[in-house]
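S.K.: Take a look at the following structure, please.
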Amino acid sequence: MSTYETKPRLYFAIHKHMHQPYYRAADSSFWNGELEAIFGSRCGNYTGFIPDAINNYLKGDLPYAGISTSWSGSLIEQLNRCEKENLCGGCFNNWNNSLKQTASVLSKGQHRRLMFTSFGFYHPIMSLIPKRDIIKQIALHRDIIKHTFGVDVSSILFPPEAAFHVRMVPALREAGITAVIYDSIHRYRSCKDYPYSGPTEGLLPPNPADQQNPPSKDWIQLSNIWAGSKISPSLLKPEYVKYEDVDGKVYSLIGIPAERYIGNEDGRGGFGALQYQDVLTQVLDCIIRFDSFDPAHPPFFVLHSDGDNHGGGADSYYHHNTERLVDWIKGDPRFELTTTEDYLVRFPPDPSKMVHIEPGAWSGADNGDPQFKKWFSYSENSYSPDLNSWAVLTALQNSIHSLEDSNLRVESFERAQRLLLTAETSCYWYWTGQQVWDQQVTEAANAAYNLISSSINTLVNANNESTGPTIFPPWITPENPGGLTWGQGSLKEADKKGTVHTFVYDISGLSSVELVLRSSGGEKRMAMNSHGAYPSRTNPMITADYFTLELPPSLGDVRYYIEATDKRGNRSFSTLERIFLGP
Numbered sequence: 009m010s011t012y013e014t015k016p017r018l019y020f021a022i023h024k025h026m027h028q029p030y031y032r033a034a035d036s037s038f039w040n041g042e043l044e045a046i047f048g049s050r051c052g053n054y055t056g057f058i059p060d061a062i063n064n065y066l067k068g069d070l071p072y073a074g075i076s077t078s079w080s081g082s083l084i085e086q087l088n089r090c091e092k093e094n095l096c097g098g099c100f101n102n103w104n105n106s107l108k109q110t111a112s113v114l115s116k117g118q119h120r121r122l123m124f125t126s127f128g129f130y131h132p133i134m135s136l137i138p139k140r141d142i143i144k145q146i147a148l149h150r151d152i153i154k155h156t157f158g159v160d161v162s163s164i165l166f167p168p169e170a171a172f173h174v175r176m177v178p179a180l181r182e183a184g185i186t187a188v189i190y191d192s193i194h195r196y197r198s199c200k201d202y203p204y205s206g207p208t209e210g211l212l213p214p215n216p217a218d219q220q221n222p223p224s225k226d227w228i229q230l231s232n233i234w235a236g237s238k239i240s241p242s243l244l245k246p247e248y249v250k251y252e253d254v255d256g257k258v259y260s261l262i263g264i265p266a267e268r269y270i271g272n273e274d275g276r277g278g279f280g281a282l283q284y285q286d287v288l289t290q291v292l293d294c295i296i297r298f299d300s301f302d303p304a305h306p307p308f309f310v311l312h313s314d315g316d317n318h319g320g321g322a323d324s325y326y327h328h329n330t331e332r333l334v335d336w337i338k339g340d341p342r343f344e345l346t347t348t349e350d351y352l353v354r355f356p357p358d359p360s361k362m363v364h365i366e367p368g369a370w371s372g373a374d375n376g377d378p379q380f381k382k383w384f385s386y387s388e389n390s391y392s393p394d395l396n397s398w399a400v401l402t403a404l405q406n407s408i409h410s411l412e413d414s415n416l417r418v419e420s421f422e423r424a425q426r427l428l429l430t431a432e433t434s435c436y437w438y439w440t441g442q443q444v445w446d447q448q449v450t451e452a453a454n455a456a457y458n459l460i461s462s463s464i465n466t467l468v469n470a471n472n473e474s475t476g477p478t479i480f481p482p483w484i485t486p487e488n489p490g491g492l493t494w495g496q497g498s499l500k501e502a503d504k505k506g507t508v509h510t511f512v513y514d515i516s517g518l519s520s521v522e523l524v525l526r527s528s529g530g531e532k533r534m535a536m537n538s539h540g541a542y543p544s545r546t547n548p549m550i551t552a553d554y555f556t557l558e559l560p561p562s563l564g565d566v567r568y569y570i571e572a573t574d575k576r577g578n579r580s581f582s583t584l585e586r587i588f589l590g591p
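Note that the sequence shown covers residues 9 to 591 in our numbering.
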């Protein structure tokens, strides 16, 4: 059922993200004084702050207002431990009571004012893990939310770090996800006429292969707010996002924009830190000036930020500043704070109109570039702690998946699988260069492999293993072959030759790894070059092989995927990727 607005109105929602990782991937029981301080300083964030803010909405008679929130399973498990063991001075006793009560409060549209979005249990970068693990992470999270708060999780996903790639769509659909929240800059940059602002944007120019959407006409530079690039207000609305696989099958779901710059400013402290009336008026006035208001699909975006860090996690955000927000909304009918679910029911997007969205995360992750380089630190060096962790994780994924597909799943398998999913926590790539973080994935992988190594040997020796190789999502250097790349404090011309990189592993050994390139000239199959096992410095028990291939230059907009075969003839295919190989 849809509603039609007669007067231009701007709708927005608020999303608060809550997370703590396991600070020792191989030992979930680890606790020390530092963790006591980390958790203890966030008592209000993890108990009553969100219910208090929603109560302010109720007192202000805001009919559709609410908050969506994403809680990692690793955070919830540790809060349960704090309650059970009376840690942090007992401040987490009955920690979830107020949240449970608030989750039952409904909006005028009969949607939960406190909406728990779908999420990955251990906070993985979903674009960089296998399809089956994405589905597991979401399913485990769905279960713990239901058990902890007594409500069903929403089918709307807030991906960890707001990191989205269209190759996630098939897995998300299989996991029951109907919509995903993404950072708006990646929709802006996917337009053919995107007005790239240069190095101050914090990102390289978009790769032309991602600029698949029609031009937009209403680019504006926001004022009274930090904004590193122009935005297009007409693009701030939910739309269907598509992905096409290797076989040409198209998958889609709803993409919901979280406005990068306005969300960042809100995350500094809420009303007051963000000059709501001034900034949102600029957005709405632009829509009116360019006559782009669509009454069936009025402008809407999410303000996304951490709910337990910095200004966006402060007591004042949820209390005094929320009270000021409510007072403003009540007196200005041009704007409405709403739950995301209420908006989607009132103004559903048109499924016949699908768009492409450039990959990337939110700005807090080193500006959230399309290459996810926050999780590829020092990848240009002869050794990268991040690449090492991906190589080790790829090998463990194949080992666990191979046992999962066989009849040799022993009692220790569940513990090993939990270690695998824990090792996918994005935080273990976040503080690269600190040994305690650089070795987390290896420690979890070694602990897991110790539990399953005998079963792996039995499976390999039986010669009936049926799982294909695990292929890590490929990446290309330079990011824009034949375009521009980073120089010393500025941009410089990039090499025309692009090199594809990946990790591949199979417990039965590899027979071949090939790249299939699709261009205007047809399809070409090329053997990738093996560099052997990645040269680790963390003493892993298993690690994947590192493969590269130099692509032919100047082919323009191309698609490619990787096909790998193990020594038993089992085959695997990567997702279909895109790149523009410049002149």
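Ideal Cβ positions, reconstructed from N, Cα and C, are used throughout, including at glycine.
Does the distance from the C-beta atom of residue 399 to that of residue 552 stay below 8 Å?
M.R.: For the purposes of this step, residue 399 is taken as residue 391 along the sequence shown, with counting starting at 1. For the purposes of this step, residue 552 is taken as residue 544 along the sequence shown, with counting starting at 1. In this structure, residue 552 lies closer than 8 Å to residue 399 by Cβ.
S.K.: So, using beta-carbon positions, are residue 121 and residue 74 closer together than 8 Å?
M.R.: On the sequence shown, residue 121 is found 113 positions in, with the first residue counted as 1. On the sequence shown, residue 74 is found 66 positions in, with the first residue counted as 1. Cβ atoms of residue 121 and residue 74: closer than 8 Å.
S.K.: Since residue 100 sits in a beta bridge, which residues does DSSP pair it with?
M.R.: As a working note, residue 100 is residue 92 in the sequence shown. None, per the DSSP bridge assignment.
S.K.: What residues in its chain sit with their C-beta under 7 Å from that of residue 447, if we drop five residues either side in the sequence?
M.R.: Reading the sequence shown from its first residue, position 439 is the one you call residue 447. Closer than 7 Å at Cβ, skipping near neighbours: 546.
S.K.: Using a 10 Å radius around the Cβ and a threshold of 16 neighbouring Cβ atoms, would you call residue 316 buried or exposed?
M.R.: The count along the sequence shown starts at 1 and reaches residue 316 at position 308. Under this definition residue 316 is a buried residue.
S.K.: Give, in chain order, every unbroken run of the beta strand (DSSP E) that is at least 3 residues long and sits entirely within the stretch 165-203.
M.R.: Counting only runs of 3 or more, we get 187-191.
S.K.: With distances taken between CB atoms, is the gap from residue 306 to residue 343 smaller than 8 Å?
M.R.: One-based indexing of the sequence shown puts residue 306 at position 298. One-based indexing of the sequence shown puts residue 343 at position 335. No.
S.K.: Helix, strand or coil for residue 348? Go by DSSP, reduced to three states.
M.R.: Here residue 348 refers to the residue found at position 340 when the sequence shown is read from its first residue. Residue 348 falls in the helix class under three-state DSSP.
S.K.: Please confirm if the stretch 219-226 is in contact with the stretch 281-290, defined as three or more CB-CB distances below 8 Å between the two stretches.
M.R.: They do not touch, by the three-pair rule.
S.K.: Whole angstroms are fine: how far does the CA of residue 160 sit from the CA of residue 23?
M.R.: Taking the sequence shown and counting its residues from 1, one reaches residue 23 at position 15. Taking the sequence shown and counting its residues from 1, one reaches residue 160 at position 152. Between residue 23 and residue 160, the C-alpha separation is close to 17 Å.
S.K.: What is the residue span of the alpha helix (DSSP H) that residue 88 lies within?
M.R.: As a first step, residue 88 must be located in the sequence shown, where it is residue number 80. Here the alpha helix (DSSP H) through residue 88 covers 81-93.
S.K.: Bridge partners for residue 493 per DSSP, in chain order?
M.R.: Looking up residue 493 in the sequence shown gives position 485. 500, per the DSSP bridge assignment.
S.K.: For residue 298 and residue 183, what's the separation of their Cα atoms in angstroms?
M.R.: Numbered from 1 along the sequence shown, position 290 holds the residue referred to as residue 298. Numbered from 1 along the sequence shown, position 175 holds the residue referred to as residue 183. So the alpha carbons of these two residues sit roughly 39 Å apart.
S.K.: Suppose you measure from the CA of residue 189 to the CA of residue 240; what does that come to, to the nearest Å?
M.R.: Here residue 189 refers to the residue found at position 181 of the sequence shown. Here residue 240 refers to the residue found at position 232 of the sequence shown. Straight-line Cα distance between these residues: approximately 17 Å.
S.K.: Taking buried to mean at least 16 other C-beta atoms within 10 Å of its own C-beta, is residue 125 buried or exposed?
M.R.: Residue numbering aside, residue 125 sits at position 117 when the sequence shown is read from its first letter. It counts as buried.
S.K.: Quick check: the stretch 501-517 against the stretch 562-576, are there 3 or more CB pairs under 8 Å?
M.R.: Judged by Cβ distances under 8 Å, the stretch 501-517 makes contact with the stretch 562-576, as three or more pairs qualify.
S.K.: My guess is that residue 139 and residue 178 are in contact by the Cβ rule of under 8 Å, so how many angstroms apart are they, rounded?
M.R.: As a working note, residue 139 is residue 131 in the sequence shown. As a working note, residue 178 is residue 170 in the sequence shown. Confirmed, Cβ separation roughly 7 Å.
S.K.: Please name the residue, chosen from 441, 488 and 123, that lies closest to residue 111 on a Cα-to-Cα basis.
M.R.: In the sequence shown, counting from the first residue as 1, residue 111 sits at position 103. Of 441, 488 and 123, the residue nearest in Cα terms is 123.
S.K.: What span of residues does the alpha helix (DSSP H) with residue 399 cover, start to end?
M.R.: Numbered from its first residue, the sequence shown carries residue 399 at position 391. 393-412 is the extent of the alpha helix (DSSP H) around residue 399.
S.K.: Is the Cβ-Cβ distance between residue 308 and residue 20 less than 8 Å?
M.R.: Residue mapping note: residue 308 aligns to position 300 of the sequence shown, counting from 1. Residue mapping note: residue 20 aligns to position 12 of the sequence shown, counting from 1. For residue 308 and residue 20, yes; Cβs fall inside 8 Å.
S.K.: Helix, strand or coil: how does DSSP classify residue 119 here?
M.R.: Working through the sequence shown from its first residue, we reach residue 119 at position 111. Reduced to three states, the DSSP call for residue 119 is coil.
S.K.: For residue 424, which residues of its own chain have a beta-carbon under 7 Å away from its beta-carbon, when the five flanking residues on both sides are left out?
M.R.: Here residue 424 refers to the residue found at position 416 when the sequence shown is read from its first residue. Taken in chain order, the residues that qualify are 408, 456, 459 and 460.
S.K.: Considering only the beta carbon of each residue, do residue 238 and residue 216 sit closer than 8 Å?
M.R.: Locating residue 238 in the sequence shown gives position 230, counting from the first residue. Locating residue 216 in the sequence shown gives position 208, counting from the first residue. The answer is no: Cβ separation not under 8 Å.
S.K.: What residues match up with residue 522 in a beta bridge as DSSP calls it?
M.R.: Against the sequence shown, residue 522 aligns to sequence position 514. Paired residues: 535 and 571.
S.K.: Beta strand (DSSP E) containing residue 557: first to last residue?
M.R.: Here the question's residue 557 lines up with position 549 in the sequence shown. 553-558 is the span of the beta strand (DSSP E), which, as asked, contains residue 557.
S.K.: With C-beta atoms as the reference, is residue 347 less than 8 Å away from residue 130?
M.R.: Working through the sequence shown from its first residue, we reach residue 347 at position 339. Working through the sequence shown from its first residue, we reach residue 130 at position 122. The answer is no: Cβ separation not under 8 Å.
S.K.: Is it right to say residue 470 is buried, meaning 16 or more other beta carbons lie within 10 angstroms of its own, or is it exposed?
M.R.: Here residue 470 refers to the residue found at position 462 when the sequence shown is read from its first residue. Exposed.
S.K.: So residue 243 is in the beta strand (DSSP E); what residue range does that whole segment cover?
M.R.: Here residue 243 corresponds to residue number 235 of the sequence shown, with the count starting at 1. Note, residue 243: premise wrong, no beta strand (DSSP E); not H, not E.
S.K.: Give me the Cα-Cα distance between residue 9 and residue 353, rounded to the nearest whole angstrom.
M.R.: Taking the sequence shown and counting its residues from 1, the one referred to as residue 9 is at position 1. Taking the sequence shown and counting its residues from 1, the one referred to as residue 353 is at position 345. Confidence at residue 9 is low in this model, with a pLDDT of 47, below 50, so the placement of that residue is unreliable and no value is reported for it.
S.K.: Please state whether DSSP places residue 439 in a helix, a strand or coil.
M.R.: Translated into positions along the sequence shown, residue 439 becomes position 431. Residue 439: coil per DSSP, three-state reduction.
S.K.: Pick helix, strand or coil for residue 105, following the three-state DSSP scheme.
M.R.: Numbered from its first residue, the sequence shown carries residue 105 at position 97. Correct three-state label for residue 105: helix.
S.K.: By the 10 Å Cβ neighbour count, where 16 or more other Cβ atoms means buried, how is residue 466 classified, buried or exposed?
M.R.: Position 458 of the sequence shown, counted from the first residue, corresponds to residue 466. Exposed: under 16 other Cβ atoms inside 10 Å.
S.K.: Starting from residue 297 and walking both ways along the alpha helix (DSSP H), at which residues does that stretch end?
M.R.: Position 289 of the sequence shown, counted from the start, is the residue given in the question as residue 297. Note, residue 297: alpha helix (DSSP H), 284-297.
S.K.: To the nearest whole angstrom, what separates the beta carbons of residue 248 and residue 359, a pair I think is in contact under 8 Å?
M.R.: The count along the sequence shown starts at 1 and reaches residue 248 at position 240. The count along the sequence shown starts at 1 and reaches residue 359 at position 351. Yes, residue 248 and residue 359 are in contact; Cβ-Cβ is about 5 Å, under 8 Å.
S.K.: Across which residues does DSSP place residue 18 in a beta bridge pair?
M.R.: Along the sequence shown, one-based indexing puts residue 18 at 10. DSSP, once it has assigned bridges, lists 343 as partnering residue 18.
S.K.: Residue 484 and residue 450 - do their beta-carbons sit closer together than 8 Å?
M.R.: In the sequence shown, counting from the first residue as 1, residue 450 sits at position 442. In the sequence shown, counting from the first residue as 1, residue 484 sits at position 476. Against a cut-off of 8 Å, the Cβ pair of residue 484 and residue 450 comes out as no contact.
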